[in-house]
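Under our numbering, the first residue of the sequence shown carries the number 45, and numbering increases by one thereafter.
Even for Gly, the Cβ is constructed at its ideal location relative to N, Cα and C.
Okay, so here's the structure we're looking at.
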Amino acid sequence: MSWKTALYDYLHARNTAETEASAGVLANVVEDEEFSRETDARYNRLTESRKERGIKALRGEMRLKLQHVHEHEEGVTADVECQRQFFYEQGGRERNEGIVIRERVGLIRRGTRWKIARISARESEREKTRQPYSWLAEEGIYTPEGEISSSQPYLNYSILNHVGTYPETRKKLYDRGKAVKYADTWWNRYNPAFIEFEVDCTSYVSQCLFAGGTPMNYTGKRGAGWWYAGKQGSRELWSYSWAVAQALQLHVPASRRGLSGTLVSSAAELRPGDFISYDWDGDGRFQHNTFVTALDASGMPLVNAHTVSSKHRYWDYKDSYAWTDKTRYAFVRVSDEMDG
45 MSWKTALYDY LHARNTAETE ASAGVLANVV EDEEFSRETD ARYNRLTESR KERGIKALRG
105 EMRLKLQHVH EHEEGVTADV ECQRQFFYEQ GGRERNEGIV IRERVGLIRR GTRWKIARIS
165 ARESEREKTR QPYSWLAEEG IYTPEGEISS SQPYLNYSIL NHVGTYPETR KKLYDRGKAV
225 KYADTWWNRY NPAFIEFEVD CTSYVSQCLF AGGTPMNYTG KRGAGWWYAG KQGSRELWSY
285 SWAVAQALQL HVPASRRGLS GTLVSSAAEL RPGDFISYDW DGDGRFQHNT FVTALDASGM
345 PLVNAHTVSS KHRYWDYKDS YAWTDKTRYA FVRVSDEMDG
């Protein structure tokens, strides 16, 4: 058996395991004990969640792309990208969710056979915070409003292309339909009109909001307003609230100009066009954002996201390796009318 056969056997087993929310089928192909423990815990949560939601699993489909292969004395290391669709029935209707899984898989030879010795995620929904908010606040750098310029924002249209139109200072209506359409168009790829961040979840949410007509509040200061102006030479021009999870979550409820919204107490109060922030450790530091794109049969949010690219995924993220029993959420209802 070749290492490629072993890799394809693993991915076939992984697809079955994800569909059934059961790790049993992986036992014969995976030797990574840490991965197995984490996967068992995740599948237990997933089984409970599906039961609560009244979901019947139908099938899973997975497409593999080998991105990089390194053959060495100990074995083979392969970087893989798997785009997976999960089809299920809820409330008498067939639905599906999508996710792009990027992993580094280590294979070693055991006699005449190959085994999966190590599996590690190449992306994490835990944001590597660029600037912790506590530090920004202490230094007086970040405030939700900051210094507001009365002039019209500068946008680098050679970068923004046709994403938006030149803003005017007046009331703006938020078009949730356009925002959702953008989210579904770009859920599994990057829009070349914007900078591609290593951890892209918050920039993606900001792009969706902007596509819905949300006006930027361009201050020229990274710690104030909500804005993006692309690049000027090698210099990146964007506010922390555009691309940092904690900054966006703190900015929106406090904002009085441009992007604004209110915190609500439950996910059930959200609708397509809103967003959710995730504090994985319950320590008040938000590390991930998702964008609400649909509601399930029970009226609960289904979300899209980047970093681990996801489409119409259930909002609570209990299927994520980042989730812990300390996870807390912030539910943000975006204003339907904003001051431009």
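Can you have a look at Y210 and say buried or exposed, based on whether 16 or more other CB atoms are within 10 angstroms of its CB? Here residue 210 is taken as the residue at index 166 of the sequence shown, counted from 1. Low confidence applies to Y210: its pLDDT is 41, below 50, so where it sits in the model is not reliable, and the reading given next is rough at best. With fewer than 16 other Cβ atoms within 10 Å, it is exposed.
Who does G142 pair with in a DSSP beta bridge? Counting from 1 along the sequence shown, the entry for residue 142 is found at position 98. According to DSSP, which records beta bridges pairwise, G142 is partnered with Q129, K355.
Is E381 closer than 8 Å to K215 when the C-beta atoms are compared? Stepping through the sequence shown from its first residue, residue 215 is reached at position 171. Stepping through the sequence shown from its first residue, residue 381 is reached at position 337. Contact: yes.
Excluding sequence positions up to five away, which residues of its chain have a Cβ less than 7 Å from the Cβ of E280? Your numbering for residue 280 matches position 236 in the sequence shown. Once the five neighbours on either side are set aside, the close Cβ partners of E280 are I239.
Using alpha carbons as the reference points, say which of I152, R94, D363 lies closest to D340. Here residue 340 refers to the residue found at position 296 of the sequence shown. Of the candidates I152, R94, D363, the one whose C-alpha sits nearest the C-alpha of D340 is R94.
Enumerate, from N- to C-terminal direction, the unbroken beta strand (DSSP E) stretches of 3 or more residues contained entirely within the segment 311-346. 319-323, 332-339
So which of L70, S66, T121 has the shortest CA-CA distance to A101? Counted from its first residue, the sequence shown places residue 101 at position 57. The shortest C-alpha separation from A101 is found at S66.
Could you tell me how far apart the beta carbons of P297 and V376 are, in whole angstroms, since I believe they sit closer than 8 Å? Mapped onto the sequence shown, residue 297 falls at position 253. Mapped onto the sequence shown, residue 376 falls at position 332. That pair is a contact at about 7 Å.
Given R357 as reference, the closest of T334, D369, D327 once Cα atoms are compared: Counted from its first residue, the sequence shown places residue 357 at position 313. Nearest C-alpha to R357: T334.
Looking at the structure shown, is V224 part of a helix, part of a strand, or coil, going by DSSP? As a first step, residue 224 is located in the sequence shown; it is residue number 180 there, counting from the start. Three-state result, V224: helix.
Can you check whether the CB of E64 is closer than 8 Å to the CB of R128? The residue you call residue 128 lines up with position 84 of the sequence shown. The residue you call residue 64 lines up with position 20 of the sequence shown. Cβ distance not < 8 Å, so R128 and E64 don't count as in contact.
Residues sharing a beta bridge with D383, DSSP: What you label residue 383 is simply residue 339 of the sequence shown in a count that begins at 1. Looking at the DSSP assignment, D383 forms a beta bridge with K215.
Say whether the segment 286-300 touches the segment 320-329, bearing in mind that this needs 3 or more beta-carbon pairs closer than 8 Å, one atom from each stretch. yes
Three-state secondary structure (DSSP) of S164: Translated into positions along the sequence shown, residue 164 becomes position 120. Strand at S164.
Going by DSSP in three states, Y284 sits in which element: helix, strand or coil? Sequence index remark: in the sequence shown, residue 284 carries index 240 (1-based). The answer is helix: DSSP assigns Y284 an H, G or I state.
Between T337 and the rest of its own chain, which residues show a CB-CB distance below 7 Å, the 5 nearest in sequence each way excluded? On the sequence shown, residue 337 is found 293 positions in, with the first residue counted as 1. Cβ within range, chain order: V224, A227, D228, P316, L346, V347, N348, H356.
Distance check for G264 and I152, CA to CA, integer angstroms please. Here the question's residue 152 lines up with position 108 in the sequence shown. Here the question's residue 264 lines up with position 220 in the sequence shown. Distance between the alpha carbons of I152 and G264 is about 52 Å.
Could you tell me whether the segment 108-121 touches the segment 74-88, using the rule of 3 or more Cβ pairs below 8 Å? no
With which residues is T306 paired in a DSSP beta bridge? By one-based count along the sequence shown, residue 306 stands at place 262. DSSP output for T306 lists R377 as bridge partner(s).
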